[in-house]
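Numbering of the sequence shown is given in UniProt numbering, commencing with residue 1 and proceeding in unit increments.
See below for the structure under consideration.
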Amino acid sequence: MISPLTLHRWAYLGLFLGLSALIVFIRMLPLDASSGGMPPPDLIVLLGFAWVLRRPDFVPVLPFAAVLLATDMIFLRPPGLVTALAVIGLEWLRVRGGALRERGLAVEWATVGAVLAAMLLAERVLLALFFVEQGGFGLAVLGLAVNVVVYPLVAAISVWGFGVRRLAPGEHAAEARLI
Numbered sequence: 001m002i003s004p005l006t007l008h009r010w011a012y013l014g015l016f017l018g019l020s021a022l023i024v025f026i027r028m029l030p031l032d033a034s035s036g037g038m039p040p041p042d043l044i045v046l047l048g049f050a051w052v053l054r055r056p057d058f059v060p061v062l063p064f065a066a067v068l069l070a071t072d073m074i075f076l077r078p079p080g081l082v083t084a085l086a087v088i089g090l091e092w093l094r095v096r097g098g099a100l101r102e103r104g105l106a107v108e109w110a111t112v113g114a115v116l117a118a119m120l121l122a123e124r125v126l127l128a129l130f131f132v133e134q135g136g137f138g139l140a141v142l143g144l145a146v147n148v149v150v151y152p153l154v155a156a157i158s159v160w161g162f163g164v165r166r167l168a169p170g171e172h173a174a175e176a177r178l179i
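Now the structure itself:
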């Protein structure tokens, strides 16, 4: 028989994968005929970051990397670059999630913004190092700003809409007994 904890984790992994598929599907729809404008937020990365800071066991690294690698291929980005940087950012946040749990949303928001900025800088440096043509720096910074502005909304929807809440101090010990 499957333990309730394992079933709960698998259900949230399924929810993450389903939301990722929905996000990709919506981005592929020809909803806007005009070119240019605001770049869309990278909701899959933001969702992964918000969930890993609240419940690290809900976002395993391999499904996260697989989803991002598939989006690299679908959206014609350099394969694996954004995925590798997002996985590094996700794991960095996973390690420091315990310290961020005790602080407020403002510190979490600033930390995620710093991780996103480091990802952007690393991506730009690596693409320049290998002489890959890049879009304008202003557009990349605008994309970073959109991601940083949208993050609190993604975190709020994760908590209030999907129930991805931080563990209470006594809950962690109770979960360890279920395993």
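Glycine included, C-beta positions come from ideal geometry on N, C-alpha and C.
Note that this is a predicted model, so its numbers are computed, not measured.
Same chain only: Cβ atoms within 6 Å of residue i, ignoring 5 sequence neighbours per side
| i | result |
| --- | --- |
| R55 | V164 |
| R94 | V52 and P56 |
Supposed contact pair residue j and residue i - C-beta distance, whole angstroms, cut 8 Å
| i | j | result |
| --- | --- | --- |
| L100 | E108 | 5 Å |
| V148 | L121 | No, V148 and L121 are not in contact; Cβ-Cβ is about 14 Å, not under 8 Å. |
| V45 | W51 | At roughly 11 Å, the Cβ-Cβ gap does not stay under 8 Å, so V45 and W51 are not in contact. |
| L47 | L19 | 6 Å |
| L68 | L126 | 16 Å between Cβ atoms; not a contact. |
| V154 | I74 | Contact flag wrong, Cβ pair sits at about 21 Å. |
Three-state secondary structure assigned by DSSP to residue i
| i | result |
| --- | --- |
| D167 | Before going further, note that residue 167 is Leu rather than Asp in the sequence given. Residue state, collapsed to three classes: coil. |
| F57 | Here the sequence assigns Asp to residue 57, which means Phe is not the residue at that position. Here D57 sits in helix by DSSP. |
| G97 | helix |
| R77 | coil |
| S20 | helix |
| I2 | coil |
| G48 | helix |
| I63 | A small correction: the amino acid at residue 63 is Pro; Ile does not occupy that position in the sequence shown. In this structure, P63 counts as helix in the three-state DSSP scheme. |
| G14 | helix |
Classification of residue i by the beta-carbon crowding that lies within 10 angstroms, buried from 16 upward
| i | result |
| --- | --- |
| G104 | exposed |
| P30 | exposed |
| T6 | exposed |
| L43 | buried |
Nonlocal neighbours in the same chain, by C-beta distance under 8 Å from residue i, ignoring five residues either side
| i | result |
| --- | --- |
| R77 | T71 |
| V146 | M38, P39, P40 and P41 |
| A128 | Q134 |
| L85 | M119, A122 and E123 |
7 Å Cβ shell around residue i - same chain, five flanking residues per side excluded
| i | result |
| --- | --- |
| L15 | F162 |
| T83 | A65, L68, L69 and D72 |
Worksheet entry | alpha helix (DSSP H) segments (min. 4 residues) lying fully within the stretch 91–164 | The stretch 91–164 contains these whole alpha helix (DSSP H) runs: 105–129 and 137–156.
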